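Residue numbers (UniProt numbering): 1 to 187.
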């Protein structure tokens, strides 16, 4: 299937879930927090500021961060054509970026150990369908050490069999939905 058509279809699915099942985002956030609690070696997490009906993880992860000293959260910020991650905590002053996304005003760089990537759609092998700009695929190879990557989406946006990885796509290692957090299937 054409990625533009699939993107349009799955955006409509995600918008419907956000409008009719707001508890799905809370279940998804609880699953991610539970996964982080089960993996205490991870203390820094790159998340995202939710736009266009993306599941909102900020409150749940803000609570996770505040429970234990040393935990850090970071949001992506695009500056000078490159995306980096900068420290975020609940209540920090935010400003609107050039992409009309809220970002931390103060830019304190963070190297996340876990990277939560919002997806319009995903496949069981960890292929991610985003908005099509390629920010994650270009940024992931630049983060050292490489983070553990997690596709974040709703189960109804699983496009296995319809979404195929292209040569430039970087497959994500884990999949988080309102159902569970599971490893991506091996090829």
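No residue lacks a Cβ here, since even glycine has one placed at the ideal position from N, Cα and C.
Predicted, not measured: the structure shown is a model, and the values here were computed from it.
Across the set 7, 34 and 156, the C-alpha of 34 shows the shortest separation from the C-alpha of residue 60.
Judged by DSSP secondary structure, residue 65 falls within the alpha helix (DSSP H) whose first and last residues are 58-66. Contact check for residue 53 against residue 15 passes: the beta carbons are separated by less than 8 Å. CA-CA distance, residue 125 to residue 153, rounds to 14 Å. Ranking 133, 181, 22 and 41 by CA distance to the CA of residue 168 puts 133 first. Contact check for residue 6 against residue 121 passes: the beta carbons are separated by less than 8 Å. With three or more CB-CB distances shorter than 8 Å, the region 142-158 counts as touching the region 108-116. A direct Cα-to-Cα measurement between residue 94 and residue 64 gives close to 20 Å. Taking 8 Å as the cut-off, the beta carbon of residue 184 is found closer than this to the beta carbon of residue 172. Here residue 77 really is in contact with residue 86; their C-beta atoms are around 5 Å apart, less than 8 Å. Where residue 76 is concerned, the enclosing beta strand (DSSP E) starts and stops at 72-79.
Secondary structure at residue 26: helix, using DSSP grouped into helix, strand and coil. Here DSSP, grouped into helix, strand and coil, assigns residue 32 to helix. Here residue 147 is buried, its C-beta having at least 16 other C-beta atoms within 10 Å.
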